[in-house]
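Residue numbers (the UniProt record's numbering), protein chains in the order written: chain Z, 1 to 245; chain W, 1 to 469; chain P, 1 to 198.
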């Protein structure tokens with residue numbers, strides 16, 4: 001299958017490993033990955049911070065860039081959530097019903113990674129090997145906007161060598177929330193402190209999730225405390241194999 | 001023409017923005033322990049009784065649709081309610097705002113010649129600052145709900161819709177009672193049944209000797225003129241039964257179309273709020289019943305900004321709220337800051353969307369941002385109010401700081417121009433120059449770096465890598 | 001302009017976009033799906049700390065509960081249910097009611113699923129004050145008054161009457177959000193569930 005990658009601005013700029021791993025994983029599974037270079041950002045930060053008007057060109061750019069693609073994947077539950085549940089509304093409220101309809105159409109073909117693997121490619125065991133103790137943080141937008149449910153866990157359970165430990169109070173927000181983490185830094189930090197405590201309680205050496213943004217937040221806190229626990233995107237775990245190609 | 005709740009009266013506006021108020025709360029470890037304990041308890045209880053109902057989702061859908069139907073037909077339903085209440089011997093008053101509602105209630109009490117009223121916990125009367133208005137008129141309001149009593153005796157402010165003293169634990173409540181409750185047993189323990197018993201003894205005589213009561217209403221049925229108050233302790237029954245005169249203040253959005261519709265809300269509310277299959281007491285009355293209960297009944301229908309909320313196509317669903325407070329109990333922000341940080345009688349996620357709409361967003365502009373948009377509130381809401389979407393919608397209406405506006409415009413400009421965007425990506429590596437892991441960042445980004453390291457910028461961006469393969 | 005007209009005008013203007021008239025989905029459980037489960041009713045009543053007596057001898061059960069105490073009752077309660085010395089409410093004062101040791105009433109409806117009894121101020125249930133002030137409320141319930149669910153109860157009740165829905169003794173959740181029994185309403189709730197005489 002020919003799959004277009006929407007890398008997301010954050011992974012493209014700061015966490016290329018997650019996007020690279022998505023490419024490597026899908027290619028290893030026998031699919032062709034394309035990366036339309038006109039892509040930039042889905043506009044979620046603008047929309048969620050109250051700059052909907054400024055986000056309209058970004059919605060238009062996303063739609064134009066990807067509407068010729070049959071299937072789009074992004075290694076981010078949050079960005080896919082915005083594409084699926086906000087883009088059409090932003091276009092409609094900007095008085096562009098035509099763009100809204102196109103946005104809906106593209107959104108219906110845009111998948112978060114675990115959705116793509118299980119719902120479209122129908123594969124649960126991707127043949128990965130990752131000999132670490134891992135705990136999974138479900139991230140709010142994957143959980144409650146996209147409703148990916150246990151898809152990421154089902155994928156992780158098939159990874160050879162991986163010791164999956166349950167994260168206590170997993171469904172509680174890590175406190176990132178985009179610009180929330182800056183505008184309400186103290187509250188965000190208090191939420192992060194509890195999330196980190198739960199991660200550390202598991203004894204895992206890796207905390208994974210489907211969103212680099214939440215991982216940046218959790219990882220930033222774990223790094224500050226010199227805990228030694230690493231944050232690794234789900235794609236990186238699924239892409240890793242015993243004998244790297 | 002939308003008119004917001006007036007300034008200078010009532011409790012919808014805080015003294016300081018949410019982040020500043022939250023900072024104070026976050027520095028109080030006892031408060032955080034109390035809140036965490038209480039919200040964890042209630043989440044567990046509520047989850048268990050909700051799981052008992054096989055049709056919970058169907059009930060939520062019915063509740064949501066009933067509320068949308070109510071809003072779409074509000075003029076007709078309110079006039080029908082007025083007609084039915086009047087026919088049953090009640091008197092209906094209309095109050096355009098808090099000031100008018102306070103004047104109506106104060107005048108009604110004055111006309112009875114009484115100097116004291118007993119009150120059932122009511123969000124509407126807290127919202128309009130009725131107690132202050134009564135006190136100014138020389139009338140003593142006595143809060144009879146246990147949590148309200150704890151707040152009143154503690155010279156405190158409510159911090160939760162359902163349990164206004166949620167920020168207090170049992171030993172703090174004991175101390176307040178020992179300090180402030182006349183005639184209290186000095187050997188009072190902090191055992192909850194003993195604390196409840198102390199409140200029973202303290203208020204008993206007041207219930208029996210006060211001739212005017214003020215209540216709110218959970219529901220007002222247009223079809224029949226029936227009002228309902230849902231409660232636990234029996235203080236509601238006392239207030240609704242014993243006095244000669246009952247004055248009920250009800251927001252216009254609390255009207256319910258038909259009698260049978262209560263079958264939906266009476267299932268949703270207790271399970272979502274106190275986590276009970278049914279709350280201990282629900283009282284329903286229709287006007288005046290000769291020989292039974294108050295012989296004078298007044299219903300005050302309150303706008304106070306509600307019509308302004310109704311005018312917003314996205315925001316109006318905030319009026320669907322049945323004040324269960326489930327959204328507070330699941331909110332990770334509320335759990336850490338408590339209710340006082342929101343500055344309004346309506347705290348938590350629903351408060352963050354309701355208060356700014358009642359006052360106008362400019363008066364509560366930090367509240368729509370008091371959320372990480374985690375979405376737990378939407379899942380918990382028994383009438384399916386999409387709180388995260390309203391928050392985002394209100395952020396779009398909120399005044400923005402000039403520097404932020406400039407940065408957002410610049411970011412949007414760059415992101416719509418891939419070449420500029422790529423140059424900006426490279427510039428992101430300058431973060432390295434800002435000191436180790438971002439500790440030298442300017443405000444507001446230093447808020448991030450106070451507790452979190454910034455990631456090391458990668459050697460190459462993803463698109464560099466892609467081109468180089 | 002009167003405030004009524006002002007508010008109604010504001011509402012009509014606010015609804016200027018003519019919001020959709022939603023259909024109300026009524027696919028939740030409304031009608032009885034199975035025979036009423038009295039055992040479950042007892043379980044649910046006891047879960048909220050009501051004391052249940054299943055008996056065919058109403059007066060015996062009541063006298064055992066009351067002991068030496070003196071109870072009040074509305075005029076419609078059969079005198080043969082009541083212990084000697086009981087007072088009938090033909091205009092008792094609040095003080096007289098408050099001083100009594102208990103009250104005996106019948107009920108209008110009971111709900112299995114929630115462990116709730118509903119009083120509707122019929123002659124055998126009395127004015128609302130009567131079942132409120134005494135610390136002990138004894139409520140006599142017939143099996144034919146029991147329904148499975150809230151919708152069935154709402155359908156049976158008459159909205160014009162003063163209604164009191166009671167689920168256990170008075171309680172509060174105001175201390176650390178846990179249910180604690182015993183505040184202003186009766187602290188003791190006894191349900192006499194009448195069994196068919198053999």
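Note that CB positions come from ideal geometry on N, CA and C, so glycine has one too.
{"Item": "Taking 8 Å as the threshold (beta carbon to beta carbon), is residue 104 of chain P in contact with chain W?", "Value": "no"}
{"Item": "Counting along the chain, where does the alpha helix (DSSP H) carrying residue 155 of chain W start and finish?", "Value": "That residue, residue 155 of chain W, is in no alpha helix (DSSP H); it is neither H nor E in DSSP."}
{"Item": "State the start and end residues of the unbroken alpha helix (DSSP H) segment that holds residue 195 of chain P.", "Value": "Note, residue 195 of chain P: premise wrong, no alpha helix (DSSP H); not H, not E."}
{"Item": "Kindly confirm or deny that the region 31-43 of chain W and the region 149-169 of chain W touch, where touching means at least three C-beta pairs closer than 8 Å.", "Value": "yes"}
{"Item": "Per DSSP, which residues does residue 141 of chain W bridge with? Please list them.", "Value": "W:117"}
{"Item": "Assuming residue 470 of chain W contacts residue 202 of chain W (C-beta within less than 8 Å), just tell me the rounded distance between them.", "Value": "Because chain W in this structure spans residues 1 to 469, residue 470 of chain W falls outside the shown range and cannot be described."}
{"Item": "Taking its Cβ as the centre, do 16 or more other Cβ atoms sit within 10 Å of residue 229 of chain Z, making it buried, or is it exposed?", "Value": "buried"}
{"Item": "For residue 448 of chain W, go through chain Z and note every residue whose CB falls closer than 8 Å to its CB, in chain order.", "Value": "181, 182, 185 and 220"}
{"Item": "In angstroms with no decimal places, state the Cα-to-Cα distance between residue 446 of chain W and residue 352 of chain W.", "Value": "25 Å"}
{"Item": "Flag this pair as yes or no: are the beta carbons of residue 140 of chain W and residue 116 of chain W separated by less than 8 Å?", "Value": "yes"}
{"Item": "Residues of chain W with CB under 8 Å from residue 115 of chain P, in chain order?", "Value": "277 and 278"}
{"Item": "In the DSSP assignment, what residue or residues form a beta bridge with residue 129 of chain Z?", "Value": "Z:160"}
{"Item": "Spatial neighbours of residue 43 of chain W within its chain, please: CB distance less than 7 Å, with the 5 preceding and 5 following residues excluded, ordered by chain position.", "Value": "329 and 330"}
{"Item": "Quick check on residue 217 of chain Z - is its C-beta less than 8 Å from some C-beta in chain W?", "Value": "yes"}
{"Item": "Does any residue of chain P have a CB that is nearer than 8 Å to the CB of residue 37 of chain W?", "Value": "yes"}
{"Item": "Suppose the cutoff is 7 Å on Cβ atoms and the five residues either side in sequence are ignored; what does the same chain contact list for residue 11 of chain W look like?", "Value": "126, 127, 129, 344 and 345"}
{"Item": "If you drop the 5 nearest sequence neighbours on each side, which residues of the same chain put their C-beta closer than 6 Å to that of residue 384 of chain W?", "Value": "60 and 64"}
{"Item": "Taking all protein chains shown into account, decide if residue 93 of chain P is buried (16 or more other Cβ within 10 angstroms of its Cβ) or exposed.", "Value": "exposed"}
{"Item": "Comparing alpha-carbon positions, which option in W:333, W:95 and W:410 lies nearest residue 192 of chain Z?", "Value": "W:333"}
{"Item": "Does the CB of residue 58 of chain Z have a neighbour CB from chain W at under 8 Å?", "Value": "yes"}
{"Item": "Residue 23 of chain Z lies in the alpha helix (DSSP H); which residues open and close that run?", "Value": "16-28"}
{"Item": "If contact means a Cβ-Cβ distance below 9 Å, which residues of the region 139-162 of chain P contact chain W?", "Value": "149, 150, 151, 152, 153, 154, 155, 157, 159, 160, 161 and 162"}
{"Item": "Go through the region 88-115 of chain W residue by residue and report every complete run of the beta strand (DSSP E) that reaches 3 residues or more, in order.", "Value": "91-95"}
{"Item": "Roughly how many angstroms lie between the CA atoms of residue 11 of chain Z and residue 16 of chain W, to the nearest whole one?", "Value": "37 Å"}
{"Item": "Does the region 18-33 of chain W come within contact of the region 181-188 of chain Z, defined as at least 3 CB pairs closer than 8 Å?", "Value": "yes"}
{"Item": "Does the beta-carbon distance from residue 80 of chain P to residue 59 of chain P come in below 8 Å?", "Value": "yes"}
{"Item": "Cβ of residue 380 of chain W within 8 Å of Cβ of residue 327 of chain W?", "Value": "yes"}
{"Item": "Along the chain, where does the beta strand (DSSP E) that runs through residue 136 of chain P open and close?", "Value": "136-141"}
{"Item": "Which whole runs of the alpha helix (DSSP H) in the region 1-73 of chain W are 4 residues long or more, in chain order?", "Value": "18-26, 29-51 and 56-72"}
{"Item": "For residue 122 of chain W and residue 49 of chain P, what's the separation of their Cα atoms in angstroms?", "Value": "27 Å"}
{"Item": "With DSSP as the reference, label residue 188 of chain W as helix, strand or coil.", "Value": "coil"}
{"Item": "Measuring CB to CB, does residue 159 of chain Z end up less than 8 Å from residue 202 of chain Z?", "Value": "no"}
{"Item": "Leaving out five residues on either side along the sequence, give the residues of the same chain with a beta carbon under 7 Å from the beta carbon of residue 147 of chain W.", "Value": "163, 164 and 165"}
{"Item": "For my contact list, residue 167 of chain Z and residue 135 of chain Z are in at a C-beta cut-off of 8 Å; report their separation, rounded to the angstrom.", "Value": "5 Å"}
{"Item": "Tell me which residues of the region 117-130 of chain P have at least one Cβ-Cβ distance to chain W shorter than 8 Å, keeping chain order.", "Value": "121, 127, 128 and 129"}
{"Item": "What separation, rounded to the nearest whole angstrom, lies between the Cα atoms of residue 276 of chain W and residue 41 of chain W?", "Value": "12 Å"}
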